[in-house]
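Residue numbers (full-length UniProt numbering): 1 to 485.
Cβ atoms here follow ideal geometry from the backbone N, Cα and C, with glycine treated the same way.
From a predicted model like this one, the values you see are computed outputs, not experimental measurements.
Below is one structure, written out as C-alpha cells, with a few remarks after it.
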C-alpha cells in the first residue's frame with residue numbers, strides 16, 4: 001500500500017484508499033456508463049488484480065499434500081485442512097482487501113495447483129447507506145504470471161489451440177481451454193471449472209440478493225495470464241447469458257497486459273456479440289502498456305500484412321478482442337487514439353444540448369466557408385484537412401489550445417508534472433529496487449505497478465481521458481482522425 005501510494009499523482013498516504021472508495025461508487029452503480037474510461041474504477045480493478053498475486057503458493061502445496069494423504073473417513077480432519085488452507089494461503093490477500101472495503105473468497109484453482117487461480121472480491125450493499133440505488137458487487141479476478149517466475153512466463157507463449165465453439169467461440173489457446181473446460185465432449189455433463197465457477201458465483205450473489213434485495217454487478221479482471229483467462233471467462237458469460245441468475249448484471253471486463261487467446265473466428269464472434277449487446281452496456285477493455293511484450297503475444301497476430309497469408313489452421317492465427325486502450329511510459333508520446341479533453345464544468349443538460357446543436361449546425365457552414373476561401377486563393381493557400389480541422393476548432397466555442405493539436409508533440413501537464421514530482425525511488429518496488437532499473441522495458445512495463453503509474457500520469461485537474469465517449473464536436477473530430485493532444 002505504501003509503495004503504491006508513492007506512485008500516485010498526489011503521493012498522498014491515503015491515495016490508494018481514496019481511489020478504492022471512488023472505485024466502489026462506480027463498481028456499485030446501477031446505471032454505470034460502460035463507454036466511459038473511469039480511472040478510479042480501472043485502477044481499483046488493477047490493484048485487486050495485483051493483490052491476488054499475494055496467495056501463498058508454498059502453503060497451498062503443503063496443504064495439498066496433506067489432502068492427498070487424507071483418509072475418507074476423517075471428515076473432521078478434512079474440514080480442518082480446508083480451514084487451514086483458507087487461513088494460511090490467503091491471509092495476505094484477506095488483510096489487504098479488507099483495508100480497501102472488500103471481502104475475499106477463493107473461487108477456483110482452474111485445474112492447476114501450482115500457479116493459476118481465480119478469486120472473488122465481494123462488496124455487499126448496506127440498506128442504511130446513502131446511495132440506495134447502488135447494487136452489490138462481485139469482482140472475479142484471475143491470477144496471472146508472477147513476473148519473476150519464468151516457468152509461468154513460458155506458458156504465455158504456447159500457441160496450440162483447441163476447438164472451444166461449444167463453450168465460447170471458435171478456437172482458443174489449448175492451455176486456456178483446459179483451465180476451464182472438459183478435455184472431451186463426453187465429459188460436458190460432468191463438473192468442470194467454468195461450470196463450478198458459475199455455480200459458486202450464483203450462490204454468492206443469491207445470498208446477497210436475499211439479504212438486501214439489490215441486484216449484483218459482476219465484473220471480470222486479471223493481469224497478464226490472468227487477463228487471458230479473464231477474456232475466456234467473459235466470452236463464456238457473453239455467449240451463455242442465461243448462466244447467471246436474473247438479478248446478476250454482467251458489467252465490463254478489464255484485461256491488463258492481455259495476450260491474444262483465440263483465432264479469427266473467436267475474435268469476430270466475440271466482437272459481434274458485443275455489438276449485439278451494445279445497448280446492454282457491456283465492454284471488454286484490453287489495456288496495454290508501452291513496449292509490454294506479453295500484450296503483443298503471439299507477435300504475428302498484430303501485423304495486418306501477415307494476416308492475409310494466415311489460414312484457419314495456421315498456428316499464427318491469433319486475434320485480439322475488445323476495446324484497446326494503449327498507455328504510455330518511458331518518455332513516449334501518447335499513441336494515436338488517446339484523446340484528452342478539457343474537463344467540463346457542470347451545466348444545465350438543456351443548455352448542453354442546445355450548445356451541441358449550435359456546433360453541429362455551424363460545422364457545415366465553417367467547412368463550406370473554408371473550402372470556398374481556399375479555392376479562391378489557391379495559389380497562396382494549401383487545401384488540407386488539417387487546415388480545415390484547425391479552422392473549425394479555432395472557431396468553435398470553448399476552443400482548445402492550438403499547440404495541443406500537433407500530431408508530433410504532446411503537452412499534457414499531468415505527464416510532465418508527474419516526472420517532476422516523482423523520484424526514481426518513488427517509482428520502484430522495494431523487493432526489486434536493486435534490479436528494477438536493469439530490467440528491459442518490454443518486461444519491466446509488464447509489471448502491474450507500471451500500469452498503475454501510466455494511468456496516474458494521465459490524471460489531471462485540467463484534462464480527462466475520453467475513450468468511446470464524445471461529448472462535443474471537438475471530441476468527435478479528434479477521435480475520428482486519431483489526433484492526439
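The DSSP-derived three-state label of residue 271 is helix.
When DSSP states are grouped into helix, strand and coil, residue 259 belongs to the coil group. Per DSSP, reduced to three states, the secondary structure at residue 30 is coil, with no helix or strand assignment. In the DSSP secondary-structure assignment, residue 250 is bridged to 218.
An exposed status is given to residue 80, since fewer than 16 other beta-carbon atoms sit within 10 Å of its beta-carbon. Rounded to whole angstroms, the gap between the alpha carbons of residue 215 and residue 285 is 23 Å. Here residue 100 is near residue 20, since their CB atoms are less than 7 Å apart. Non-local beta-carbon contacts of residue 66 in its own chain, meaning distances under 7 Å to residues more than five positions away in sequence, involve 81 in chain order. When DSSP reads this structure, residue 108 sits in a beta bridge with 118. Classified as buried, residue 107 has 16 or more neighbouring CB atoms from the shown chains inside 10 Å of its CB.
In the structure shown, residue 141 falls within a strand segment according to DSSP collapsed to helix, strand and coil.
About 6 Å separates the Cβ atoms of residue 52 and residue 119, confirming a contact at the 8 Å cut-off. In this structure, residue 225 keeps its C-beta atom at 7 Å or more from the C-beta atom of residue 170. Between residue 48 and residue 221 a beta carbon distance of about 7 Å is seen, short of the 8 Å cut, so the two are scored as contacting.
For residue 56, same chain residues with a beta-carbon under 6 Å away, outside a window of 5 residues either side, are 89 in chain order. Counted as a single uninterrupted DSSP element, the stretch harbouring residue 171 is not any alpha helix (DSSP H) but the beta strand (DSSP E) occupying residues 171 to 173. Look at residue 284 here: in three-state DSSP terms it is strand. Look at residue 194 here: in three-state DSSP terms it is helix.
For the options 126, 27, 69, 121, the alpha carbon positioned closest to that of residue 212 is the one of 126.
Following the DSSP letters along the chain, one finds residue 228 in no beta strand (DSSP E) but inside the alpha helix (DSSP H) bounded by residues 225 to 239. According to DSSP, residue pairing for residue 123 in a beta bridge involves 137.
For residue 62, the secondary structure class from DSSP, reduced to helix, strand or coil, is helix. For residue 451, the enclosing alpha helix (DSSP H) begins and ends at 448 to 456.
When the beta-carbon positions are compared, residue 136 and residue 124 come within less than 7 Å of each other.
DSSP places residue 324 within a strand segment (E or B) once states are collapsed to three.
Here the alpha carbons of residue 227 and residue 294 stand approximately 11 Å from one another. In this structure, residue 97 keeps its C-beta atom at 7 Å or more from the C-beta atom of residue 176. Going by C-alpha positions, residue 434 is about 21 Å away from residue 419. When beta bridges are read from the DSSP output, residue 103 appears opposite 122. In terms of Cβ geometry, residue 290 and residue 328 form a close pair [threshold 7 Å]. The DSSP-derived three-state label of residue 25 is helix. If you ignore the 5 residues before and after residue 24, its C-beta comes within less than 7 Å of the C-beta of 101, 123, all in its own chain and listed in chain order.
Closest in alpha carbon position to residue 192, among 266, 59, 112, is 112. Taking residue 161 as the centre and dropping the five residues before and after it, the same chain places the C-beta of 171, 172, 173, 174, 263 closer than 7 Å to its C-beta, in chain order. With respect to the C-alpha of residue 321, the residue from 32, 268, 245, 168 having the closest C-alpha is 268. For residue 6, the enclosing alpha helix (DSSP H) stretches over residues 2 to 7.
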